[in-house]
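**Q** Take the sequence shown: its letter number 258 is residue 259 in our numbering, and every next letter is one higher.
Yeah, the Cβ is synthetic: ideal placement off N, Cα and C, and Gly gets one too.
Attaching a single structure in structure tokens format; questions to follow.
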Amino acid sequence: MNTDWTKIRGDFPILSRSVNGKPLAYFDSANTAQKPSAVIDAVDAFYREHNANISRAVHTLGMEATEAFEAARQKLARFINVRPDELVLTSGTTQAINLVAYSYALPRLKAGDVILLSRMEHHANIVPWQLIAERTGAEIRVAEINVAGEIDLPALWQAMTQDVKILGITHVSNVLGTVNPIEQICREARKRKIATVIDGSQALPHRKVDVAAIGCDFYVFTGHKMCGPTGTGGLWAKREHLEAMPPFFGGGEMIKEVRFEKTVFNDPPHKFEAGTPNIAGVIGLGAAVDYLEAIGMENIQQREQALLTYATHALKQIEGLRIFGEASEKAAVISFQVEGAHSHDLATLLDLEGIAVRSGQHCAHPLMEFFGVAATCRASFAFYNTEREIDALVAAIHKVRKLLG
Ligand code: PLP
């Protein structure tokens, strides 16, 4: 397929604006991705033409809203190759991991059990487990990485002892870009009867993901990083887990029958979807799936790999620039520091040039500790970025270096 990336870039209205008098170069897609008109229009059309609550009303608008919401679930399920009735819609990854932590882990774990987490986890895949560990007496164990930013596999196998009940690991690192060999890891965990919780937040936007083929127990993701609206996302879990897990939240939508003596819960996935969800957002996420599929995830991955190669080469020419994370399989994320420039200062000065990069510890404090740094700058790329924008980033860093002497 001969993809017209210039035309595709034109689908994103925000990318034609300027910032501080300069054309915007948005390199913060790992934080949140920009939205194409197709997604913005889907949300707009819902509120203009179909707005009603779902699963409650028999009137036309109520039925249209419910149909559109459930159609989005079907699209998402197909996108990641799972059954729609095993896909719980959440407000994002954070809610999805908390759901697993409180509904699956809390009733099962006891003192002496171990929750194994990788060094490169986002805080969303650390803090909920610490809260569960505190309540159950379970311990947290860390699976370490090497200096390239890859999971140390022999050490991981060793860490998978009999007392490990849960392994939480990211599919793709939001800081290093490392793509973990998640199928292999899940296979080893299965042999040892360890439940796997895979954080797919940074994988789904950038590559074709077949959750069924991964062989995990839980797979979580967030919609806003894959061109969808904020406050959307999901949890896929094996049906047997969803059947056995108690609800996390109680309320409307998640019940079949409520009496003061006893409530009968709805079937999964609705059992975990109490209250009115982000209906417009989920419909927008469905539109995002359509949009990404129309371009093709293989094309997206190829384009982003080309941008990553181009940017890595260009950044490496800059004296005093250090890149964190050089895994052999890597998504289009580059964390870096420039000698003599504090990351926040650098990001602020780049912003003056219209260039948006993130600075800080990227919700991955333990990873920063590993590298012995307080913060880095992170340029994260998406298929809508261009080589010219990367040239502008490189030129701006040179300018900042001169400025800081
Ligand atoms: N996990 C990873 C790897 C992330 O990059 C992020 C977002 O930065 C999250 C989890 C949290 O996602 P959300 O804030 O959408 O729940």
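1. Give me the DSSP bridge partner(s) of Pro24.
2. Check this for me: beta carbons of Ala376 and Gly361, under 7 Å apart or not?
3. Would you say the stretch 246-259 touches the stretch 190-197, given that touching needs at least three Cβ pairs under 8 Å?
4. How about Lys23 and Val290: do their beta carbons lie closer than 7 Å?
5. Tell me whether Gly178 counts as near the ligand PLP, meaning its Cβ is closer than 6 Å to at least one heavy atom of that ligand.
6. According to DSSP, which residues form a beta bridge with Tyr105?
7. Ends of the beta strand (DSSP E) at Leu42?
8. Should the stretch 219-238 be called in touch with the stretch 24-39, which here means at least 3 C-beta pairs below 8 Å?
9. Quick check on DSSP: helix, strand or coil for Leu205?
10. Taking the alpha helix (DSSP H) that Leu316 belongs to, which residues open and close that run?
11. Can you have a look at Asp218 and say buried or exposed, based on whether 16 or more other CB atoms are within 10 angstroms of its CB?
12. If distances are taken between C-alpha atoms only, which option among Arg120, His399, Arg142 and Asn82 comes closest to Gln318?
13. Helix or strand or just coil, what does DSSP make of Gln35?
14. Examine the ligand PLP and report whether any of its heavy atoms sits within less than 6 Å of the Cβ of Gly93.
15. Among Arg323, His363, Ser329 and Val401, which has the Cα closest to the Cα of Ile356?
16. Per DSSP, Ser119 is paired with what?
17. Does the Cβ of Asn54 lie closer than 6 Å to at least one heavy atom of the ligand PLP?
18. Name the one or two DSSP bridge partners that Tyr292 has.
19. With 16 other CB atoms within 10 Å as the buried threshold, where does Glu258 fall?
20. I'd like the span of the beta strand (DSSP E) that includes Glu244, first residue to last.
21. Could you tell me which of Ala66, Arg208 and Phe273 sits nearest to Glu299, measuring between CA atoms?
22. Cutting at 8 Å between CB atoms, please list the residues of its own chain near Ala407, excluding the five before and the five after it.
23. Out of Leu236, Ala69, Ser92 and Ala112, which has the shortest C-alpha to C-alpha gap to Thr137?
24. Between the alpha carbons of Phe266 and Phe273, how many angstroms are there, rounded?
25. Would the stretch 132-152 count as touching the stretch 197-204 if we require 3 or more Cβ pairs under 8 Å?
26. What whole-angstrom Cβ distance do Leu309 and Met121 have, given they're in contact under 8 Å?
27. Less than 8 Å between C-beta atoms, sequence neighbours within five positions excluded: which residues of the same chain meet that for Ile195?
28. Along the chain, which unbroken stretches of the beta strand (DSSP E) at least 3 residues long are found entirely within the stretch 358-389?
29. So Thr223 is in the beta strand (DSSP E); what residue range does that whole segment cover?
30. Taking just the CA atoms, how far does Gln338 sit from Leu322?
**A** Taking the geometry as given:
1. Ser19
2. yes
3. no
4. no
5. no
6. In the DSSP output, where bridge partners are listed per residue, Tyr105 has none listed.
7. Just to set this straight, residue 42 is Asp in the shown sequence, not Leu. Taken as a continuous stretch (DSSP letters only), Asp42 belongs to no beta strand (DSSP E), being part of the alpha helix (DSSP H) at Ser38 to Ala46.
8. yes
9. coil
10. Met298 to Lys317
11. buried
12. His399
13. coil
14. yes
15. Val401
16. Ala144
17. no
18. The partner list for Tyr292 (beta bridge, DSSP) is empty, contrary to what the question assumes.
19. exposed
20. From DSSP, Glu244 is part of no beta strand (DSSP E) but of the alpha helix (DSSP H) over Arg240 to Ala245.
21. Arg208
22. What the structure shows of the chain is the stretch from 2 to 406, and residue 407 is not part of that stretch, so it cannot be assessed.
23. Ala112
24. 9 Å
25. no
26. Actually they do not touch by this definition, with Cβ atoms about 18 Å apart.
27. Leu117, Met161, Val165, Lys166, Ile167 and Leu168
28. 359-361 and 377-381
29. Phe219 to Thr223
30. 6 Å
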